[in-house]
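Trainee: First, the structure itself, so that you have it in front of you.
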Amino acid sequence: MATETYTLGTEPQGSLSVAFGATLKRDLVLLLRRRSEVMNPLVFFAIVITLFPIGISPDPELLATIAPGLLWVAALLAALLSLDSLFRADYDDGSLEQLLLTPQPLALLSLAKVTVHWLLTGLPLALMAPVLGIMLALPAGSYAVLAVSLALGSASLSLIGAIGAALTVGLSRGGVLLSLLVLPLYIPVLIFGAGAVQAAIVGDGVSAHLAILGALLAVALIFAPWAIAASLRISING
């Protein structure tokens, strides 16, 4: 039976990619077994968008005016709905403590878990949004911009939200505190995401808004995994 030896300060070639892939696959399998956790944000998103035309007005012009902000706010809240469980199951069964003891960087393994959250929450929300946009009389030319902006923005939301989820994972009722921690940090993503869709509706250029969303995602990718790892160590070790 082949064995691997680890030298202090070094990693076997390819071990980082293997660890990332193994964590990604494990979390995908576990979440797909708990399909209610995957479906809840999507159902919430669909219900909120469906109720607004009934509760406000069926006027297409009014709905088209509020559609960019409404779709983005609903998607943001839907993504936030699933964040509390991001590390909760691993914390409850002790798997999170094992992740802290692995020789691979915790930041890399945390990034794999956030990637799963985006794949099963952020990306489906981005794909659903244009369909729900039809109910809000959203002009057809803005559907692609809506999907792209949500795909970029939701990745940033997942990374930022994971920091709050890591800080509150040890709390029995951390959902409210999690919302208070991350919602102020979501505001720049919300502004430029909704702004991109609004610009597409009025015919202005959307490249600046999408570029800023991409820049926010790049910054989050650089710093968020390390912040998540530090937050998890604080929550576990005190």
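What the sequence shown shows, in my numbering, is residues 2 to 239, in sequence order. Virtual Cβ for every residue (Gly too), placed ideally from N, Cα, C. Quantities reported herein were computed from a predicted structural model and do not represent experimental measurements.
1) Taking the CB atoms as reference points, tell me whether residue 160 and residue 190 lie closer together than 8 Å.
2) How is the alpha helix (DSSP H) around residue 113 delimited, first residue to last?
3) May I ask you to report which of helix, strand or coil DSSP gives residue 45?
4) Do residue 213 and residue 111 come within 8 Å of each other at the CB atom, strictly closer than that value?
5) I want to know whether the segment 162–178 touches the segment 132–150 - three or more CB-CB distances under 8 Å.
6) With a CB to CB cut of under 8 Å and the five nearest residues on each side skipped, what residues in its chain are close to residue 36?
7) In angstroms with no decimal places, state the Cα-to-Cα distance between residue 224 and residue 113.
8) Can you look up residue 1 in the DSSP assignment and give me helix, strand or coil?
9) Please state whether the Cβ-Cβ distance between residue 53 and residue 78 is less than 8 Å.
10) At a cut of 8 Å, does the segment 122–129 reach the segment 38–54 through at least three beta carbon pairs?
11) I need the DSSP call for residue 1, collapsed to helix, strand or coil.
12) What residue range does the alpha helix (DSSP H) around residue 35 cover?
13) Would the beta-carbon of residue 322 fall within 8 Å of that of residue 183?
14) Which residue comes first and which comes last in the alpha helix (DSSP H) that contains residue 224?
15) Under DSSP, the alpha helix (DSSP H) around residue 194 begins and ends at which residues?
16) Using three-state DSSP, classify residue 4 as helix, strand or coil.
Mentor: Taking the structure as given:
1) no
2) 107–118
3) helix
4) no
5) no
6) none
7) 15 Å
8) With the chain represented from 2 up to 239, any question about residue 1 goes unanswered, as that position is not in the structure.
9) no
10) yes
11) Nothing about residue 1 can be reported from this structure: the residues present for the chain run from 2 to 239 only.
12) Neither: residue 35 is in no alpha helix (DSSP H) and is coded neither H nor E.
13) An answer regarding residue 322 cannot be provided, because it is not within the stretch 2 to 239 covered by the chain.
14) 208–238
15) 176–203
16) Annotation note: pLDDT 37 at residue 4 (below 50); position unreliable, coordinate value reported separately. Reduced to three states, the DSSP call for residue 4 is coil.
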